[in-house]
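J.: Starting off with a structure, shown below.
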Amino acid sequence: MNEKSESYPLCNLDNGAFAPEAALFVVFGATGDLAHRKIFPALFDLFAGDILPRDLIIVGFARKPLDDASYREDLKRSCVKYARRGKFSDRQWESFSNRIFYLASDLDAPAGYSLLADIIAGRDAGFKARAKGRSCPANALFYLAVGPEHFGTIAGRLSEAGLGSAGSGAAGGDAGWEGRKGWRRLVVEKPYGRDGKSALALTAALHNGFAEKDIYRIDHYLGKETVQNLLYLRFANSVFEPVWNRNHIESIDISVFETEGIGERGGYYDSAGAARDMLQNHLIQLMCLTTMEPPASLDPESIRDEKVKVLQSVSRLLPRDILSRSRRGQYVAGRDSEGGQVRAYRDESRVRPDSTTETFVSLRVELDNWRFSGVPIRLSTGKAFASKFSQIVIHFRRPPVALFAAQCGDTLMHNTLTIRIQPDEGVWLRFNAKVPGIPAIKASELRFSYREVADYLPEAYERLIADALAGDSTLFIRADESEHAWRIVDALEAAWASMDAHAAPEQGGLLLYPAGSAVPEFPA
Ligand code: BG6
Numbered sequence: 373m374n375e376k377s378e379s380y381p382l383c384n385l386d387n388g389a390f391a392p393e394a395a396l397f398v399v400f401g402a403t404g405d406l407a408h409r410k411i412f413p414a415l416f417d418l419f420a421g422d423i424l425p426r427d428l429i430i431v432g433f434a435r436k437p438l439d440d441a442s443y444r445e446d447l448k449r450s451c452v453k454y455a456r457r458g459k460f461s462d463r464q465w466e467s468f469s470n471r472i473f474y475l476a477s478d479l480d481a482p483a484g485y486s487l488l489a490d491i492i493a494g495r496d497a498g499f500k501a502r503a504k505g506r507s508c509p510a511n512a513l514f515y516l517a518v519g520p521e522h523f524g525t526i527a528g529r530l531s532e533a534g535l536g537s538a539g540s541g542a543a544g545g546d547a548g549w550e551g552r553k554g555w556r557r558l559v560v561e562k563p564y565g566r567d568g569k570s571a572l573a574l575t576a577a578l579h580n581g582f583a584e585k586d587i588y589r590i591d592h593y594l595g596k597e598t599v600q601n602l603l604y605l606r607f608a609n610s611v612f613e614p615v616w617n618r619n620h621i622e623s624i625d626i627s628v629f630e631t632e633g634i635g636e637r638g639g640y641y642d643s644a645g646a647a648r649d650m651l652q653n654h655l656i657q658l659m660c661l662t663t664m665e666p667p668a669s670l671d672p673e674s675i676r677d678e679k680v681k682v683l684q685s686v687s688r689l690l691p692r693d694i695l696s697r698s699r700r701g702q703y704v705a706g707r708d709s710e711g712g713q714v715r716a717y718r719d720e721s722r723v724r725p726d727s728t729t730e731t732f733v734s735l736r737v738e739l740d741n742w743r744f745s746g747v748p749i750r751l752s753t754g755k756a757f758a759s760k761f762s763q764i765v766i767h768f769r770r771p772p773v774a775l776f777a778a779q780c781g782d783t784l785m786h787n788t789l790t791i792r793i794q795p796d797e798g799v800w801l802r803f804n805a806k807v808p809g810i811p812a813i814k815a816s817e818l819r820f821s822y823r824e825v826a827d828y829l830p831e832a833y834e835r836l837i838a839d840a841l842a843g844d845s846t847l848f849i850r851a852d853e854s855e856h857a858w859r860i861v862d863a864l865e866a867a868w869a870s871m872d873a874h875a876a877p878e879q880g881g882l883l884l885y886p887a888g889s890a891v892p893e894f895p896a
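Heads up: the sequence shown at position 245 corresponds to 617 in our numbering, and the numbers run straight through without jumps.
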């Protein structure tokens, strides 16, 4: 940071209203990958950063027979590996982990849920003894880190045990330990269905026990600092908004590319594919934040209402137009950046040998609205490419031909604004400048880098967990957002299904690309 910017005043938006509250934090799928890699390391980092309420009690709920001590040991290994503050003392770990308990139960067995109800109501003497005098908070947050096939069962069982939020008063929930009333919240992970119909069914199943306002659907991209910055960049500045429309913007590119293949996730991925795994949620959310109108206020519903309006304005296209505006691809054997061999997608474990599931997708959409009508927005994502990055690039129109453009033609570059989400988080503005000493023009870049102004960027899961405990749903997906996003992906999937995967890629067939290929560029 330069000296000048250090002297600028800070406008702190924290009005003290944001406060993660103590709760019984129940993790379903407590022994799974997500719990170990993301949820517990984030909880630990929140604890180490003094953000986690001191009275929070965590219960890991899963089938495996484990006791508190061995579960804590497993979690310690994961926190050492995955937590941002992975170097901690035994004392620090002890003071974090003594709030973690393990409950072994089938996800479907009512007994496990009665036990939870007893714990919350303070009726379980055994738990009280294990908790060594800690009192259980009256609030409860249920984190569903399990496949969507279990969402309905868990919500139903919670509701039968009297632990749902719907229908029991404004705060929801029953009187808890020591007779206090508390809230009940449900956090659900993706994938949220595999099409619009199944997403609707999931929502109906969750609404069975929980009011919509108490359901927090995670899209971890929304928890990323650089994604949150989109709102700040657009609406806390006056230079961008006047040019943020079809008069000045020629096209928008939203891209998320990864170098890794699908790893061990074949079982899930092969029945999902890139469109369901990434486009339906992360890329479409980025599009909403990039193109939405200024919300009436910063409250969650105002922001989510604006996102829904964007989704409603996505043009509905005939299948043949969808095919001409999209590409799907799958990686075949190739090489990674170190020259190591990468096996073909079809040779990955738990992938069908003749699978036509896409590991790359690109879709061009347009918004039928006043601001962006006629501006192509390309959404592209893929696995096993040569580079790993996530970014939004706004391509501005060329200057009028008079003066420089008339002489330079295509060598006069468009202005672009790149919002770099990862890995080198920042904002880059490309502009044309005179080359010193000669009458020539060359593009240059102004680069703002987050790493220069901040020592660390919090992990998305830290932010999202803290927000869920604080009851702030801004960064979570509302049911109608998910439904509208599915409409786009359902139409794409239906268009692909109508085409032979062996057809030419321009006609909707599968493009086979060697792992390690350069990120593709398609014409707008
Ligand atoms: C997940 C997808 O939601 O996002 C994964 O299921 C993908 O397939 C991941 O790898 C990418 O997230 P990030 O934060 O690494 O860009």
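Where a beta carbon is used, it is the ideal one built from N, C-alpha and C, also for glycine. The model shown is predicted, which means the values in this text are computed figures rather than measured ones.
Which of the three DSSP states, helix, strand or coil, is assigned to Gly484?
T.: helix
J.: As an exercise, report each continuous beta strand (DSSP E) stretch of at least 3 residues that is fully enclosed by the segment 663 to 711, in chain order.
T.: Segments of the beta strand (DSSP E) lying fully in the segment 663 to 711: 698 to 704.
J.: Give the secondary structure of Gly432 by DSSP, where H, G and I count as helix, E and B as strand, and everything else as coil.
T.: strand
J.: Please give me, in chain order, every unbroken run of the beta strand (DSSP E) with length at least 3 that falls completely inside the segment 771 to 810.
T.: 788 to 794 and 798 to 806
J.: Is the CB-CB distance between Ile590 and Leu836 below 8 Å?
T.: yes
J.: Which runs of the alpha helix (DSSP H) fall wholly inside the segment 454 to 499 and span at least 4 residues, in chain order?
T.: For the segment 454 to 499, whole alpha helix (DSSP H) runs of length 4 or above, ordered along the chain, are 462 to 469 and 482 to 493.
J.: In this structure, how does DSSP classify Asp591 when only helix, strand and coil are distinguished?
T.: coil
J.: Would you kindly work out how many angstroms separate the C-alpha atoms of Pro892 and Pro520, rounded to a whole number?
T.: 32 Å
J.: Could you name the residues that DSSP lists as bridge partners for Gln713?
T.: The partner list for Gln713 (beta bridge, DSSP) reads Arg707.
J.: Mind checking which residues open and close the beta strand (DSSP E) that includes Ser821?
T.: Where Ser821 is concerned, the enclosing beta strand (DSSP E) stretches over Ile813 to Ser821.
J.: Can you name, in chain order, every residue of its own chain whose Cβ lies under 6 Å from the Cβ of Ala716, other than the five neighbours on each side?
T.: Val704 and Ala705
J.: Counting along the chain, where does the beta strand (DSSP E) carrying Gln763 start and finish?
T.: Phe761 to Phe768
J.: Just mark Leu419 as buried or exposed, buried being the case when its beta carbon has 16 or more other beta carbons within 10 Å.
T.: The sequence given here has Phe at residue 419, not Leu. Buried is the call here.
J.: Under three-state DSSP, which class holds Phe400?
T.: strand
J.: So Gly888 is in the alpha helix (DSSP H); what residue range does that whole segment cover?
T.: Here Gly888 belongs to no alpha helix (DSSP H), and DSSP marks it neither H nor E.
J.: Here's the rule I'm using: 16 or more other beta-carbon atoms within 10 Å means buried, otherwise exposed. How should Ala805 be labelled?
T.: exposed
J.: Alpha carbon to alpha carbon, what distance is there between Gly536 and Ile430?
T.: 18 Å
J.: Counting only the same chain and skipping the five closest in sequence on each side, list residues whose C-beta sits under 6 Å from that of Ser854.
T.: Result list for Ser854: Tyr564 and Ala571, in chain order.
J.: Say yes only if the C-beta of Lys814 is nearer than 7 Å to one or more non-hydrogen atoms of the ligand BG6, and no if none qualify.
T.: no
J.: Measuring CB to CB, does Val628 end up less than 8 Å from His654?
T.: yes
J.: Arg850 and Gly568: beta carbons closer than 8 Å?
T.: no
J.: Is there at least one non-hydrogen atom of the ligand BG6 closer than 7 Å to the beta-carbon of Ser762?
T.: yes
J.: Roughly how many whole angstroms lie between the Cα atoms of Leu475 and Thr403?
T.: One C-alpha to the other measures close to 11 Å.
J.: In or out: Tyr885 buried (at least 16 other Cβ within 10 Å) or exposed?
T.: buried
J.: Looking only at DSSP bridge pairs, what is Asp625 linked to?
T.: Arg750 and Val765
J.: Given Tyr833, which residues of its chain have a CB within under 6 Å of its CB, disregarding the five upstream and five downstream residues?
T.: Correct list, in chain order: Lys410 and Ala414.
J.: Can you tell me the Cα-Cα spacing of Phe499 and Gly432, whole angstroms?
T.: 13 Å
J.: Does Ala840 come out as helix, strand or coil in the three-state DSSP assignment?
T.: helix
J.: Which of the three DSSP states is assigned to Lys585 in this structure?
T.: Three-state DSSP puts Lys585 in a helix.
J.: In three-state DSSP terms, what is Ala876?
T.: Shown here, Ala876 sits in coil according to DSSP, grouped into three states, outside any helix or strand.
J.: Within this structure, are the beta carbons of Pro830 and Arg699 separated by less than 8 Å?
T.: Contact: no.
J.: Should Met650 be listed as close to the ligand BG6, given that the test is whether its C-beta is under 7 Å from any heavy atom?
T.: yes
J.: Among residues of its own chain, excluding the 5 on either side of Glu673, which ones have a beta-carbon nearer than 6 Å to its beta-carbon?
T.: none
J.: For a quick check, are the C-beta atoms of Leu739 and Val682 less than 8 Å apart?
T.: yes
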